[in-house]
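A.B. asks: For what it's worth, the working numbering labels the leading residue of the first sequence as 513, then goes sequentially. We put the CB at the ideal spot given by N, CA and C, even for glycine. My structure is below; once you've seen it, I'll send some questions.
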Amino acid sequence: MSERKIRTRFAPSPTGPLHMGGVRTALYSYLFAKKHGGDFLLRIEDTDQNRFVAGAEEYIIESLKWCGIVADEGVGFSDGPFAPYRQSERKEIYRQYAEQLVQSGHAYYAFDTSEELEALRKQAEEAKTAFSYSTESRMTLTNSLTLLEDDVSRRKAAGEQYVIRLKVPENETITFTDLIRGEVSFQSAVVDDKVLLKGDGMPTYHLAHIVDDYLMKITHAIRGEEWLPSAPAHILIYRYLGWENEMPDYAHLPLLLKPDGNGKLSKRDGDRLGFPVFPLDWNDPITGEKSSGYRERGYYPEAFVNMLAFLGWNPGTEKEIFSMPELMDAFAIEQIQHAGAKFDPEKAKWFNEQHLRSKPDIEIANNIRASIATEFSLNENDAQLSDAFLAKAVSLLKPRVQFENEMQTVGSYLFVAPTTFDEQVISKKWKEGCMQFFTELEIEYSKLNDWNTDNCKLTFEAVAASNSLKPGDVLQLFRVMMSGQAGGVDLFGMVELVGAGETTKRIETALQKINR
RNA sequence: GGCCCGUUCGUCUAGGGGUUAGGACACCAGAUUUUCAUUCUGGUAACAGGGGUUCGAUUCCCCUACGGGCUACCA
């Protein structure tokens, strides 16, 4: 099996927006394939027509693309040699394998209705036991094991609905090696006779994923831990179909847990604690409910992916900031954690902050230009939108934000003059001589030839000295005049940025206001 | 209930028979900074419990506890 080309897949079902846990599963499958020079494909498992949600498939594809997870084959990407990649379009393929299993005695037809089974379950529950369609109960139920052959044919001919169930052996130990957990074994007695083919002719996940993985030459099936209990049934199906040698290696990923308390991460937690649970915004077409996404929240896809990768995996070194190619290189399935990982929204922000810091100013400037223009009603000829101005503004703002979309709020005063001034600072700091000082400063600034941070600062200090003031006496006031606020970016950096004209104008405006 | 998986600072984790049990987030303190932020330095804080095995267990084994998952003609 080791000579085979590595092929992994992500196989979501389009029943709603893709959860971040799902994205992580896709990411790990992708990284694993790429690490080993293999293929990664996207297969849509839409065998449950009742749970189909319009737009979900597109959402999944768009999410993966936003994250930079590119499938070599699959729905929404390029068709490969195993198309179609949507299970509903492969419906005809599955029945023959189910029938093959019946022929070989490893599966059987069952005619029990959902209502009958439901009643049995309820009954069992009341008796404080559990009903399962399995070795112990199948001989008491309505199926081709208990019915006469004629009866079975008659029922089928009459169009009676039936399912095909796996006939699990009575007393076997089923063992397989999970890539993450090592050897895992189950007693066959506890695995139930899973439905392989449903009454509507669609396969269940159990049959469909195996047939497709086999046909699509998947070598490694990476999926969530919730599948571990049904893995023995899957092993059996491979065995009975005669594909055991081609069976992919399974890896069951630990779950993503809610930040507080216990249990797996759900949409509710995001709403409750105020963080996104989905990669992109999602508007539910039926309920009209809106869910926010990382993309719209302002996360960089690289940061989102980096954060996700570290939820349950780490490279074993102290490096934490990784790009996608670096992740591909470092990824190792053995380094995946066994226990579930609680999601920490604070650390997620930190990842974004780190990626923001490492981005070139000009790149960020280009990203925010349009929204800055809208926010401050600027047009393309305004100096504030120039590369030089914006990049410098970004460099000033960068250490103060975690997201680039915060810049326009945090640094509004770089783009537009303040209209109000922090009264507290003024009343505390304003004293005799200040008026004289700022009047002189305005004059000196208007005469300053080489306008830059250092010269502005030097001039400021010189004027202060000639007025017998310490810089500290008037610095705070100057900041308030420039920004309206007590805090903010580097003062003389801001002065240099907005320029001589704007600086003297702001001094003058502030002076008039204070004088009143 | 049954079956399966899991358990190192509050959180994400490194480590792995002999370590001062390391890092990151968060938090706290100090330094720098005209302010806030940044940055720097330092700090609080963990091997679930009990039995083995061993000269020695956080590390290996067993049990218990706790947590999680599954137990559909859903995936």
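#1: Measuring alpha carbon to alpha carbon, tell me which of L553, L543, A523, P529 ends up nearest M836.
#2: Taking the alpha-carbon of E838 as reference, which of E814, F855, N879 has the nearest alpha-carbon?
#3: Helix, strand or coil: which one does DSSP assign to R519?
#4: Could you tell me which residues DSSP pairs with T685 in its beta bridges?
#5: Would you kindly work out how many angstroms separate the C-alpha atoms of H699 and W755, rounded to a whole number?
#6: So what does DSSP say about D591, is it helix, strand or coil?
#7: Contact defined as beta carbons within less than 8 angstroms: I believe I749 pairs with L785. What is the distance between those atoms, to the nearest angstrom?
#8: Compare the C-alpha of D783 against each of G533, G805, D560 and name the closest.
#9: Can you give me the start and stop residues for the beta strand (DSSP E) that I734 sits inside?
#10: So which of F949, V707, S649 has the shortest CA-CA distance to A701?
#11: With I676 as the anchor, note down where its beta strand (DSSP E) starts and where it stops.
#12: For the alpha helix (DSSP H) that contains Y925, what are its first and last residues?
#13: List the whole-angstrom C-beta distance separating A877 from D841, where the pair is believed to meet the contact cut-off of C-beta under 8 angstroms.
#14: Name the two residues that bound the continuous beta strand (DSSP E) containing L987.
#15: I believe Y957 touches T1015 by the beta-carbon criterion, under 8 angstroms. Please report the beta-carbon distance rounded to the nearest angstrom.
#16: At 4 residues or longer, and completely inside the segment 612–687: list those alpha helix (DSSP H) runs for me, N to C.
#17: Which residues in the same chain as I884 place their Cβ atom closer than 6 angstroms to its Cβ, once the five residues preceding and following it in sequence are excluded?
#18: Within 10 Å of its beta-carbon, does K679 have 16 or more other beta-carbons around it, so buried, or fewer, so exposed?
#19: Taking C-alpha atoms, which residue in F1004, M1006, T520 lies nearest to P760?
#20: For R666, does the count of other Cβ atoms within 10 angstroms reach 16, so buried, or fall short, so exposed?
#21: Quick one: any contact between the segment 892–906 and the segment 983–995, if contact means 3 or more CB pairs under 8 angstroms?
#22: Verify whether the separation of the beta carbon atoms of A568 and L576 is less than 8 angstroms.
C.D. replies: On the basis of the data shown:
#1: L543
#2: E814
#3: strand
#4: Q699
#5: First, the amino acid is wrong: residue 699 is Gln here, not His. C-alpha separation (whole angstroms): 21 angstroms.
#6: coil
#7: Going by Cβ atoms, the distance from I749 to L785 rounds to 40 angstroms, so no, they are not a contact pair.
#8: G805
#9: 732–736
#10: S649
#11: 675–678
#12: 924–927
#13: At roughly 30 angstroms, the Cβ-Cβ gap does not stay under 8 angstroms, so A877 and D841 are not in contact.
#14: Per DSSP, L987 belongs to no beta strand (DSSP E); it is in the alpha helix (DSSP H), 983–995.
#15: 6 angstroms
#16: 626–638, 661–669
#17: Q920
#18: buried
#19: T520
#20: exposed
#21: no
#22: no
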